[in-house]
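Data first, discussion second: the structure below is written as structure tokens.
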Amino acid sequence: MAQFRGVDYLLIDSMLSEEELLVRQSVRQFADAEVMPLIRDCYREGRFPTHLIPKLGELGYFGANLDAYGCAGMSSVEYGLLMQELERADSGLRSFCSVQGALVMYPILTYGSKEQKDQWMPRLRTGSAVGCFGLTEPGFGSNPAGMQTTARQDNGGWILNGEKTWITNGSAADIAVVWARTPDGIRGFLVEKGTPGFTSSDLHGKMSMRASVTSSLALADCRVPASAMLPGAKGLKGPLSCLTQARYGIGWGVIGAAMDCYETARQYSILRTQFDGKPIAAHQLVQEKLAWMITEITKAQLLALHCGRLKDQGKLDPAHVSMLKRNNVGMALECARLSRDLLGANGIMDEAPIMRHMCNLETVKTYEGTDHIHALVIGERVTGIAAYK
Amino acid sequence: MKILAAIKQVPARDSQLRVNDSGTWIEEPDTSEINEPDAYALEEALQLREKAGGEVVALCAGPESASQTIREALAKGADRAIHIEDDDLGRFDSLGIARILAAAAATEQPDLILTGLQSDDLGFGQTGVILAELLGMAHATIIMKVEPRGTGIRVKRELEDGWFQNTDLPLPAVLTIQSGINKLRYATLMGIKKAKLKEVRKLTASGLGVAVEPSVRLERVFMPQRTKQTRMIEGSVRDQAAALVEALRHEVRVL
């Protein structure tokens with residue numbers, strides 16, 4: 031395939047600053063040179079390209095939108111473009127950076143003590159430590175308020191009990207941000223790898239996100255010191271605020287996956303001939319699919335860009351992010367399906383990136399707030415009635 | 003060591019090129035990028051600074067939009083930049099461009115000037131060499147390797163037929179760098195942020211006292227013209243074969 035030059039039907043690039051374009055170009059070069067050549071094998075073999083972690087740190091991709099402890103201090107749009115280009119390579123790679131930045135570094139920086147920040151932020155930024163985020167439980171996905179993991183005070187420390195699952199980077203993590211019920215409401219705890227009573231095990235048999243580690247965490251009378259609790263986060267809005275950050279990144283990231291599918295299908299349809307040597311792109315049904323995709327990608331780009339500008343003005347709220355995440359993931363998944371269709375039988379092979387993106391996007395549709403739940407958040411915003419309660 | 007990295011912005015390699023209305027050059031392309039050999043010259047400059055200390059100054063003549071390429075150089079680690087801003091550099095020939103660059107370089111008194119061995123758009127391969135002559139500096143072309151050595155440098159030049167030449171040069175010197183001699187770095191996000199704060203000195207050709215007096219003029223730019231001719235070869239099969247071989251050997255020169 032020819033070198034990827036971006037998808038910009040509506041001259042949206044003209045709304046981006048020189049820095050924003052440079053961020054995109056730099057990440058695109060990195061993804062093309064360092065990730066694209068090996069991602070198919072990683073996906074086949076079910077492994078994350080671990081050797082990239084120090085490089086991702088060096089380039090400033092962890093906590094890129096945070097502005098402390100040497101983080102890059104990117105604007106929201108710059109951060110979004112980073113996510114887009116990473117997910118153009120693979121959703122698993124974007125997930126790794128999302129979790130590290132939005133779900134681990136963000137809560138430590140926002141809710142942590144000075145000691146917690148000093149200890150973890152530099153290591154998490156460079157990638158010398160990996161983090162994970164433990165909120166979801168086997169019985170509580172969309173309804174985290176029902177969580178059964180508990181923390182009780184004992185002898186000046188805390189004792190944690192419970193189980194977390196669907197945890198990206200779980201077994202790879204040096205530090206887990208674990209959310210647990212206390213008599214005082216839901217609180218966050220930093221649990222280090224190797225703490226007695228804390229174990230992880232990987233989930234096997236995934237047909238999606240195969241280039242990403244997904245684990246369960248078990249806490250059995252796991253004792254952590256009082257200093258392990260995040261002092262600034264009290265109640266469910268702590269973890270939910272982290273998820274809003276991560277979902278914002280997903281809203282951008284999936285545009286990258288959609289672009290990769292669309293561009294693959296567009297180029298294929300021009301090269302592939304059928305019926306008297308005509309390119310299949312000359313057929314009306316093929317053009318209609320390409321027209322649908324480019325239109326939806328363009329709308330998704332505008333939605334993401336607008337949300338990014340709002341975020342920098344402090345005006346983006348969680349109900350906006352729900353629309354961004356839900357719309358753009360649905361769009362990307364449909365683009366993957368249409369692109370597969372255009373490639374015919376060739377589309378099912380892993381020579382093309384399409385099935386990989388499609389399978390990944392099934393996860394992205396569900397995690398960080400399912401499509402349904404985000405619909406209900408939007409529904410609540412426009413009716414004032416919460417349908418999920 | 004103070005190193006100038008002379009870089010040029012050129013149309014991106016697979017951009018759609020359109021000849022301008024007057025047929026003298028191309029319209030400004032949708033996407034531009036740093037001239038490839040210049041990217042390696044900049045990288046070499048940054049690596050030399052990491053080894054020997056000093057400063058790297060990016061030097062670029064080009065339209066306002068070349069600020070994108072300058073910003074990339076700053077993001078990758080150049081300490082500051084000089085932008086000789088001109089929307090119509092096509093008025094100058096290689097000598098004129100080299101005069102502009104030389105006048106700007108003279109304000110810096112560099113120890114070393116690195117630039118690509120040629121540009122991806124015009125491909126004359128002259129600017130670096132003329133620049134050295136104008137500044138009265140030693141120069142070497144098609145450089146594969148640069149090492150500081152005493153008060154000078156040792157360089158490895160690519161010759162033809164797989165031969166190389168290792169030679170010592172005094173400083174100050176101008177080197178034209180071959181593509182692919184090092185591994186290009188990516189701009190880090192921190193670097194991109196820092197680049198906003200770095201100095202970009204703006205100059206103009208007239209401000210530098212360089213007049214437009216080209217001795218070489220670009221006559222016409224046009225797309226390769228496709229021609230298709232069919233010639234029927236008459237005669238016996240033996241004569242036809244002989245005529246065909248003759249034509250392939252001496253006219254088409256493929257045999």
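One line per chain: the protein sequences are A and B, in this order.
Just so you know, we're using my numbering here: the first sequence kicks off at 31 and counts up by one.
Just so you know, we're using my numbering here: the second sequence kicks off at 3 and counts up by one.
We treat Cβ as the ideally placed atom computed from N, Cα and C, and that holds for glycine.
Asked	Found
Tell me the rounded alpha-carbon separation between A/Val359 and A/Glu318.	21 angstroms
So that I know if they touch, is there some Cβ in chain A lying closer than 8 angstroms to that of B/Arg258?	Outside the shown range of chain B (3 to 257) lies residue 258 of chain B, about which nothing can therefore be said.
Step through the CB atoms of chain B and report whether any lies within less than 8 angstroms of the CB of A/Leu266.	no
To which residues of the same chain is A/Met66 closer than 8 angstroms at the C-beta, ignoring the five residues directly before and after it?	Ala119
Can you pull out the residues from the region 51 to 62 of chain A whose beta carbon lies closer than 9 angstroms to at least one beta carbon of chain B?	Leu51, Leu52, Val53, Gln55, Ser56, Val57, Gln59, Phe60
By Cβ distance below 7 angstroms, which residues in the same chain neighbour A/Ser242 in space, the five residues on each side in sequence not counted?	Phe78, Gly122, Ser125, Phe126, Thr198
How many angstroms separate the CA atom of B/Asn184 from the CA atom of A/Thr156?	24 angstroms
Quick one: which unbroken alpha helix (DSSP H) runs of 4-plus residues sit fully inside the region 98 to 150 of chain A? Chain order, please.	106 to 119, 121 to 128, 136 to 141
Does any C-beta atom of chain A lie closer than 8 angstroms to the C-beta of B/Ser69?	yes
Name the one or two DSSP bridge partners that B/Asn168 has.	B/Lys158
Taking 8 angstroms as the threshold (beta carbon to beta carbon), is B/Ile183 in contact with chain A?	no
Return helix, strand or coil for B/Leu220, following the three-state DSSP convention.	coil
Flag this pair as touching only if the region 216 to 230 of chain A and the region 375 to 392 of chain A have three or more C-beta atom pairs under 8 angstroms; answer yes or no.	no
Can you grab the Cα-Cα spacing for the pair A/Lys341 / B/Glu87, in whole Å?	35 angstroms
Where do the ends of the alpha helix (DSSP H) carrying B/Lys78 lie?	69 to 78
Anything in chain A within Cβ reach of B/Lys188, meaning under 7 angstroms, just list it in chain order.	Note that residue 188 of chain B is Tyr in the sequence shown here, rather than Lys. Simply Ser56, Gln59, Phe60, Leu89.
Please say whether B/Glu45 and B/Leu177 have beta carbons closer to each other than 8 angstroms?	no
Output, in sequence order along the chain, the residues in the region 102 to 122 of chain A whose CB is closer than 8 angstroms to any CB in chain B.	Ala102, Gly103, Met104, Glu108, Leu112
Using a beta-carbon distance below 8 angstroms, is A/Glu318 in contact with chain B?	no
Which of helix, strand or coil does DSSP assign to A/Thr156?	helix
Between which two residues does the alpha helix (DSSP H) harbouring A/Trp322 extend?	314 to 342
Give the straight-line distance between the Cα atoms of B/Glu149 and A/Thr166, rounded to the nearest whole angstrom.	56 angstroms
The region 70 to 100 of chain B: which residues have C-beta closer than 8 angstroms to a C-beta of chain A, in chain order?	Gln70, Arg73, Glu74, Ala77
Between B/Lys200 and chain A, is there a C-beta pair that is closer than 8 angstroms?	no
What residue range does the beta strand (DSSP E) around B/Val197 cover?	Before going further, note that residue 197 of chain B is Ala rather than Val in the sequence given. Not the beta strand (DSSP E): B/Ala197 falls in the alpha helix (DSSP H), residues 191 to 197.
Does B/Ile194 get closer than 8 angstroms to chain A when you measure Cβ to Cβ?	yes
Report the three-state DSSP secondary structure of B/Lys4 (helix, strand or coil).	strand
With three or more beta-carbon pairs closer than 8 angstroms as the criterion, would you say the region 135 to 144 of chain A touches the region 81 to 90 of chain A?	no
As a quick exercise: from A/Met113, A/Phe163, A/Ile285, pick the residue whose alpha carbon is nearest that of A/Ser246.	A/Phe163
Give me the residue from B/Arg73, B/Pro31, B/Ile99 with the minimum Cα distance to A/Leu52.	B/Arg73
Give the straight-line distance between the Cα atoms of A/Ala250 and A/Ile216, rounded to the nearest whole angstrom.	18 angstroms
Applying a beta-carbon distance threshold of less than 7 angstroms, which residues of chain D neighbour A/Glu48?	No chain D appears in the structure shown, which is made up of the protein chains A and B.
Can you check DSSP and say which residues form a bridge with B/Lys147?	B/Lys158
Could you tell me how far apart the beta carbons of B/Leu2 and B/Ile115 are, in whole angstroms, since I believe they sit closer than 8 angstroms?	The structure shown has nothing for residue 2 of chain B, since chain B only spans 3 to 257.
With DSSP run on the structure shown, which of helix, strand or coil describes A/Phe219?	strand
Output the distance between the C-alpha atoms of A/Ser158 and B/Glu66, rounded to the nearest integer angstrom.	41 angstroms
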